[in-house]
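Visitor: Sending over a structure as C-alpha cells; questions will come in a sec.
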Amino acid sequence: MPQTYQLVESMLQQPLANGDVVCNLCLWRCRLQHGQRGFCQAHVNRNGTLYNLSYGIISAIEVGPISHKPVYHYRPDSTVMSIGSYGCNFRCKGCHNLEISWGVEALDKLARGQSSDAWVTPAQMVETALKHKVDGIAFTYSEPAVWLEYVVEVSKLAHDAGLFTVYVSNSFVTDEALEVMAPHIDVLCSDIKSLSTEFYRDICPVSTVDQVLASIKKAADLGIHVETRTNVIPTKNDDLDELHRIAEWILNNLGADSAWHVTKFFPAYKLSHLPATDNAIIDAAAEAGRALGLHNVYGHTDISCDCATENMPVSSWLELDADAINEVNQCAAPCCGDEGILVKKFEREAGLLEVRK
Ligand code: SF4
Ligand code: SF4
0 MPQTYQLVES MLQQPLANGD VVCNLCLWRC RLQHGQRGFC QAHVNRNGTL
50 YNLSYGIISA IEVGPISHKP VYHYRPDSTV MSIGSYGCNF RCKGCHNLEI
100 SWGVEALDKL ARGQSSDAWV TPAQMVETAL KHKVDGIAFT YSEPAVWLEY
150 VVEVSKLAHD AGLFTVYVSN SFVTDEALEV MAPHIDVLCS DIKSLSTEFY
200 RDICPVSTVD QVLASIKKAA DLGIHVETRT NVIPTKNDDL DELHRIAEWI
250 LNNLGADSAW HVTKFFPAYK LSHLPATDNA IIDAAAEAGR ALGLHNVYGH
300 TDISCDCATE NMPVSSWLEL DADAINEVNQ CAAPCCGDEG ILVKKFEREA
350 GLLEVRK
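Counting in numbering that gives the first Met the number 0, the sequence shown tops out at residue 356, every number present.
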C-alpha cells in the first residue's frame with residue numbers, strides 16, 4: 000500500500016474491451032470512459048483501469064460513544080473513533096454533511112492535483128485510534144462503499160489491534176461489496192430512509208427501495224450485527240402507516256430483537272423550509288414498532304443523521320507532522336504527469352488532452 004498520496008486501484012472493477020470500466024462497488028454500477036468519474040466522484044477511469052481518488056483522504060474525525068452512531072446492542076458503553084472521507088452515492092436534499100458527503104469541491108481539488116486535505120495511511124489511522132483509547136473505528140459521514148479500498152485496509156489492521164469496526168451506510172451497495180466487507184466489519188448501522196421508491200428516486204434516480212432492503216438483509220445474513228435507523232422528515236416520510244410498514248419489514252426480515260432507531264430531522268440545505276420533526280411523531284412511530292412486536296425500538300429527539308459539522312479539525316487528532324498532513328496531494332504514479340490532473344474535463348481545460356489518451 001502506498002506511503003504517499005496515490006491513486007489506488009478500485010475494488011470490484013470490471014474492465015470492458017473498449018476501455019470502459021464498470022464499477023461494482025455500489026448499485027449505481029457506473030460505466031466509465033477514460034477520464035470520467037463515477038456518480039460519487041471518488042472513482043476515475045484512467046486508461047481502462049478504475050482508481051479510487053480518495054484512498055487515505057480524511058475529511059473528518061471525532062471520538063464519542065457508540066450510542067451516538069446510533070448503535071445500542073453491540074458493545075454498549077464502548078467508544079469509537081468516527082472517520083470519513085468525501086463522496087456519496089446519494090444526494091439527500093436535507094444532508095447536513097454536504098461538503099463532505101457530496102464532496103464535490105474536495106474531490107475536484109483531488110482530481111486537479113490541488114488538494115491539501117489530510118492523507119493518512121491505514122496504519123497511522125489505527126495508531127491514532129489506539130492513542131485516543133477507543134474500542135472501535137466507525138466509517139461514516141459519507142457512504143463508506145465509495146471508499147471501500149481504505150475501509151477494508153483500516154479494518155484489517157483495526158481487528159489485528161483488537162478494535163471493532165462499524166459501518167454507517169445508506170445500503171445502496173452491491174452484494175459483491177458486502178461480501179468483501181463482511182469479514183472485516185462487525186456492525187452495520189443502516190438507514191431505511193423510507194419504504195417508497197419514489198422517496199429513494201428523489202435522492203438517487205437509479206435506486207429502488209427493494210434494492211436497499213435486500214442489501215440490509217444480505218448484510219445480516221452474512222453475519223454482520225445490523226441496526227437500522229429512520230430519519231423522519233416532515234411531509235416526506237412521516238406517514239405513520241409507512242413507518243409502521245418499516246417496523247413490519249424489520250420484524251419479518253431482521254427479527255424481533257433487531258434494533259430500530261427513529262431519529263429527528265433538523266432543517267438543512269434544500270429542506271431548510273421544513274420544520275424539525277415533531278417529537279410526537281417520533282414517539283408514535285416508536286410505539287407502533289413496539290406494538291408490532293419489535294423489542295428494541297428507540298426514539299431519538301436529539302439525533303439526526305451522523306453529521307460531522309461540529310467536529311474539531313482533522314489535524315488536531317493526528318500526531319503527525321502538520322506540514323506532511325497538508326502537503327498537496329498529487330498522485331505519484333507517472334500516468335498522471337506533473338500537473339496531477341486526473342479527470343478528462345480538467346485535462347481538456349488545461350490543454351493536456353492531446354498528449355494523453
Ligand atoms: S462507488 Fe458507486 S457511484 Fe461511485 S463509481 Fe462506483 S458504482 Fe459509481
Ligand atoms: S444523508 Fe447520508 S446518504 Fe444522504 S447524501 Fe448525506 S451522507 Fe449521503
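Note that beta-carbon positions come from the ideal geometry of N, C-alpha and C, so glycine has one too. Please read all numbers here as calculations on a predicted model, not as lab measurements.
In three-state DSSP terms, what is E326?
Guide: coil
Visitor: Given 7 Å as the limit, tell me if A144 has its C-beta closer than that to any heavy atom belonging to ligand 1.
Guide: yes
Visitor: Sort D240, P182, A16 and L212 by Cα distance to L405 and report the nearest one.
Guide: No information on residue 405 is available, as it lies outside the stretch 0 to 356 that the chain covers here.
Visitor: What residues in its chain sit with their C-beta under 8 Å from that of T127, if we drop five residues either side in the sequence?
Guide: I60, M80, V119, W316, L317 and E318
Visitor: What number of angstroms, rounded off, separates the C-alpha of I223 from the C-alpha of I184?
Guide: 7 Å
Visitor: Assign I280 to one of three DSSP states: helix, strand, or coil.
Guide: helix
Visitor: Pull up the distance between the alpha-carbon of K356 and that of Y54, whole angstroms please.
Guide: For K356, the predicted structure reports a pLDDT of 48, less than 50, and the residue's modelled location is therefore unreliable. The matter cannot be settled from this model.
Visitor: With DSSP run on the structure shown, which of helix, strand or coil describes P363?
Guide: Because the chain spans 0 through 356 in this model, residue 363 falls outside it and cannot be assessed.
Visitor: Terminal residues of the continuous alpha helix (DSSP H) containing L106?
Guide: V103 to R111
Visitor: In the DSSP assignment, what are the bridge partners of A59?
Guide: G83
Visitor: Heavy atom of ligand 2 less than 7 Å from the Cβ of R200, yes or no?
Guide: Not one heavy atom of ligand 2 is found less than 7 Å from the C-beta of R200.
Visitor: Rounded to the nearest angstrom, what separates E247 and N236 at their Cα positions?
Guide: Using only the alpha carbons, I get a separation of about 16 Å.
Visitor: When we look at the beta-carbon of N46 and count the other beta-carbons within 10 Å, is it buried (16 or more) or exposed?
Guide: exposed
Visitor: Quick check on K356: does DSSP put it in helix, strand or coil?
Guide: At K356 the pLDDT is 48, less than 50, meaning the model places this residue with poor confidence; the figure from the coordinates comes in the next sentence. In the structure shown, K356 adopts coil according to DSSP, grouped into three states.
Visitor: Could you tell me the boundaries of the beta strand (DSSP E) in which K263 lies?
Guide: W259 to K263
Visitor: Going along the chain, which unbroken runs of the beta strand (DSSP E) with 3 or more residues stay wholly within the stretch 121-192?
Guide: 135-138, 163-168 and 186-190
Visitor: Can you name the start and end residues of the alpha helix (DSSP H) that N251 belongs to?
Guide: Looking at the DSSP string, the run of the alpha helix (DSSP H) that includes N251 is L239 to N252.
Visitor: Thinking C-alpha only, which one of H260, H33, T276 and A41 is nearest S100?
Guide: Nearest C-alpha to S100: A41.
Visitor: Can you give the Cα-Cα distance for I57 and S314, rounded to whole angstroms?
Guide: Rounded to the nearest angstrom, the two C-alpha atoms are 10 Å apart.
Visitor: Classify V211 as helix, strand or coil using the three-state DSSP reduction.
Guide: helix
Visitor: State the beta-bridge partners of H42 as determined by DSSP.
Guide: N51
Visitor: Per DSSP, which residues does T234 bridge with? Please list them.
Guide: Per DSSP, none; premise fails for T234.
Visitor: Give me whichever residues DSSP pairs with P64 in a beta bridge.
Guide: Answer is T78, bridged to P64.
Visitor: Excluding the five sequence neighbours on either side, which residues of its own chain have a C-beta within less than 6 Å of the C-beta of S84, listed in chain order?
Guide: S53, I56, S58 and W146
Visitor: In whole angstroms, what separates the C-alpha of P233 from that of V165?
Guide: Distance between the alpha carbons of P233 and V165 is about 29 Å.
Visitor: Please write down, chain order preserved, every residue whose beta carbon lies under 5 Å from a heavy atom of ligand 1.
Guide: C22, L24, C25, W27, C29, G37, F38, C39, H42, N88 and V145
Visitor: Buried or exposed: which applies to Y268, given that a residue is buried once 16 or more other Cβ atoms fall within 10 Å of its Cβ?
Guide: exposed
Visitor: May I ask which residues mark the beginning and end of the beta strand (DSSP E) holding Y297?
Guide: Start and end: V296 to G298.
Visitor: Do F138 and R74 count as a contact pair if the criterion is CB distance below 8 Å?
Guide: Cβ distance not < 8 Å, so R74 and F138 don't count as in contact.
Visitor: Relative to ligand 2, is the shortest distance from any of its heavy atoms to the C-beta of C94 smaller than 7 Å?
Guide: yes
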